[in-house]
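In terms of the working numbering, the numbers along the sequence shown are unbroken and rise by one, the last being 514. Note that CB positions come from ideal geometry on N, CA and C, so glycine has one too. Take a look at the structure set out below.
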Amino acid sequence: MISTTYQFKQKISNESQLPVFYHHFKLTENMNWIHFEVETSRACWFSMLLFDPHGVLRLQYMYGKSPKDVMLHQDARYSSAATLPGPLPLGEWTLEVYVTDKPISDKVKKEMDYQIVCEAGSQELPAKTTDIVRFGAHKWAEYDPNGLVLNSYHWDEAIEKEERWYKGDFHTHTILSDGSMTQEANLKMAKQQQLDFFVATDHNMISTSWAEGEALVIPGVEITSTKGHWNALGLKKWIDYRPSRKDGGLETEQGMNNILKEASESGALCSMNHPFLVPWQWQMEHTPLSVIDSIEIWNDPTFRANVEATEKALRFWSHIWNEGYTITGIGGSDSHLLPDDSYEQDGEPSLIGDPGTYVWAEHLSAAAILENVKKGHVYVSRGPVIDFSAQVGEAFYKIGEELTDAMDQNGNKAFCKITLQYDTEDIMVHWIEDGKKVHEERGLSSSYEVHWKDNSYHWLRIEIRSIDGNLLAFTNPVYYGRKEPTVQTWGELMQHAGGSDFEN
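This is the structure in C-alpha cells:
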C-alpha cells in the first residue's frame, strides 16, 4: 500500500479580519483517495475547499455538524457528500480555509487554532472512513477538468406528469453546513409534510449528489455573507463566491453583484432570503433589482423575529411591484433543527415545508418548477389551500398571470374569486391592490372586481389572515400593464420606500 500523510496547523490571533489560509500538498504517485481529519480548538465557522492541479473544486467541507472526517475518492461509493469523485491528477493540490466566529462575523475575536491531517493512499481505506457522510445514491456531477458542473442532474425529467399545484420548500439545510438533519432525514420529513419538492440550499456549498427518496430535490446554494444571504435556486455549476476573488467576492458590493450576475447567466434563479430578519438582513445597497427573480417573503414562521420581518417583507414587496418589478414572492422554512426541536420553550417545531410554497406547473421537474416560479405562479401557505381565478370575458387566469391583453379586449374589467380549504371559517381574506388593502371578507370564499384603464399599471394579490391578524397565506399578484422603474437598486428602493420600517 502506498500512502502519504501531510499535517497542516494554523494559529489565529485575536481580531483577525476574515482570515483566509492556503495549504498545499503534492501527489507525485497515482492515488485512489485523499482523506482529511479536521480539528479546531473551539466552535467556529470553519469552511474548507480543495482544488486539484487543474483548479477544479473537488471537495467542500464545513466543520461543525458534519463528522470531522471527510474523504475524496476516485469511486463515488467511497467518497463523502459534497465532493467531486473522479481521477486524482498528479501535481499540487490546494486547500483554502476560511474561519470566522459565526456566519455573520467577519473576524475571529478570540485566539484559536486548527489542524488538518491529510492522508493520500492507493489501496486500503483508512478505518475512520466509516464516520463520513456518504456520497448520495443520486449522482449529480461527473468529473470535468473544466470545473464543477452538475452535468448528471436531470433538469427536465418529470417524476410526475400532472398539471397542478406542487407543494415545496425553497430553503433547506443539512449537517453538511449548519443544519441538524441529514439528507435522508430531510427526505423523510418532506414525505411527512406532503412535499412534492424542495431545494437543497446549504451555506456556500453546492451538493454533488443526494440520497434516495420520493421528493424531487432541486440543487441550490445559500450564498452566505456577513451582509446578507440569497439563494441560487437551480444552480447548474459552482460559482466562485470566495472573498479571495479580485473583486472581494461575497463580501463586497461589486463582488456580490458579479456573483448574482454569474448565477443568473448560468440559469439559476436569484432569490433574496429573509431580507429584514436582523441580523441576517440584506445590507447591500447597490444590488440591481433587475437581477432578482424572487424574494423569500416568509421565512420560518416559528422563529419569533420573523413575525415582524415578514410583515416588513410584504410591505417592501408592495413597493417593488409599485415600481414595476414583477418579482415573485416565495417562502422558505430555513429549518436548521430536528423535528422535535423548537426555537421557543414548548414552541412549535421548525419543520421543512413550513411554510409551504405552492407552484403551479405542467409537470413535476426541476425545470418546470423554476420556470413557473419566475412566472409568478406561486402562493405560500401555512395551511389554507387556495383556489383562485381571475375571469376576464369567458377566459380564466391563475395566480401570477398578466391580464393586459385580455382586459383590453373585454371592457378593462376582471372578476377575481378565491375559494379556500381550511379547518375553520374564522379567517379573513384581504385583497391588496397596488399596495393598499381595498377589500376584506370573512370566511372561506371571497370575490373582488377590478376596473383598470388603458395604458395604466396595476396589480392585485391576496393575503389570508386569522381573525387576530396573523398571516396564514399569500398569493402572488395578477397584473395589468407595464411600468418603467424609476429606481434601479435595493438601496434606492429602500430610500424611496421610506427606510427600513416601510410605514408608508
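Just the Cα atoms here: how many angstroms apart are alanine 416 and glycine 258?
-> Between alanine 416 and glycine 258, the C-alpha separation is close to 48 Å.
Fully enclosed by the stretch 365-448, which beta strand (DSSP E) runs are 3 residues long or longer?
-> Entirely contained in the stretch 365-448, the beta strand (DSSP E) runs reaching 3 residues are, in chain order, 366-371, 388-391, 395-402, 405-407, 423-431 and 437-443.
Could you tell me which residues DSSP puts in a beta bridge with lysine 82?
-> One detail in the question is off: residue 82 reads as leucine in this sequence, not lysine. Answer is Ile44, bridged to leucine 82.
Where in the stretch 277-356 do unbroken runs of the beta strand (DSSP E), each at least 3 residues long, occur, reported from the N-terminal end onward?
-> Fully enclosed beta strand (DSSP E) runs of no fewer than 3 residues occupy 279-282, 304-309 and 338-342 of the stretch 277-356, in order along the chain.
In whole angstroms, what is the alpha-carbon distance linking alanine 86 and leucine 158?
-> Our two residues, alanine 86 and leucine 158, have alpha carbons roughly 15 Å apart in a direct line.
Span of the beta strand (DSSP E), counted from its first residue to its last, around methionine 122 = It spans 122-131 - the beta strand (DSSP E) in which methionine 122 sits, taken as one unbroken run.
What number of angstroms, rounded off, separates the C-alpha of glutamate 134 from the C-alpha of tryptophan 43?
-> C-alpha separation (whole angstroms): 9 Å.
DSSP three-state call for alanine 53: helix, strand or coil?
-> Alanine 53 carries a coil assignment under DSSP once its states are collapsed to helix, strand and coil.
Taking the continuous beta strand (DSSP E) assigned at tryptophan 103, which residues delimit it?
-> Unbroken beta strand (DSSP E) run through tryptophan 103: 101-110.
Inspect the beta-carbon positions of leucine 374 and tyrosine 251 and report whether they are closer than 9 Å.
-> Against a cut-off of 9 Å, the Cβ pair of tyrosine 251 and leucine 374 comes out as no contact.
Can you say whether aspartate 310 is buried or exposed, counting buried as having 16 or more other CB atoms within 10 angstroms of its CB?
-> Result: buried.
Since glycine 178 sits in a beta bridge, which residues does DSSP pair it with?
-> Beta-bridge pairing links glycine 178 to Phe207 and Thr367.
Below 6 Å CB to CB, which residues in the same chain sit around aspartate 270 once its five sequence neighbours on both sides are set aside?
-> The amino acid at residue 270 is misidentified as aspartate; the sequence shows leucine. Its chain contains Cys280 and Val301 as the residues whose beta carbon lies nearer than 6 Å to that of leucine 270, once the 5 sequence neighbours on both sides are disregarded; these appear in chain order.
Are there three or more Cβ pairs, one per stretch, closer than 8 Å when the stretch 455-474 is compared with the stretch 288-296?
-> These segments do not touch.
Pairing CB atoms from the stretch 73-81 with CB atoms from the stretch 186-194, are three or more of them under 8 Å?
-> Yes, the stretch 73-81 is in contact with the stretch 186-194.
Could you tell me which of Asn283, Val30 and Ser328 sits nearest to threonine 234, measuring between CA atoms?
-> Among Asn283, Val30 and Ser328, the Cα nearest to that of threonine 234 is on Asn283.
In angstroms, rounded to a whole number, what distance separates the CA positions of aspartate 397 and valine 30?
-> Per the coordinates, the alpha-carbon of aspartate 397 lies some 51 Å from the alpha-carbon of valine 30.
With DSSP run on the structure shown, which of helix, strand or coil describes histidine 64?
-> Residue state, collapsed to three classes: coil.
Is tyrosine 489 helix, strand or coil by DSSP?
-> Strand, per DSSP.
Cα separation between glutamine 495 and proline 285?
-> Sequence check: residue 495 is proline here, not glutamine. Rounded to whole angstroms, the separation of the alpha carbons of proline 285 and proline 495 is 21 Å.
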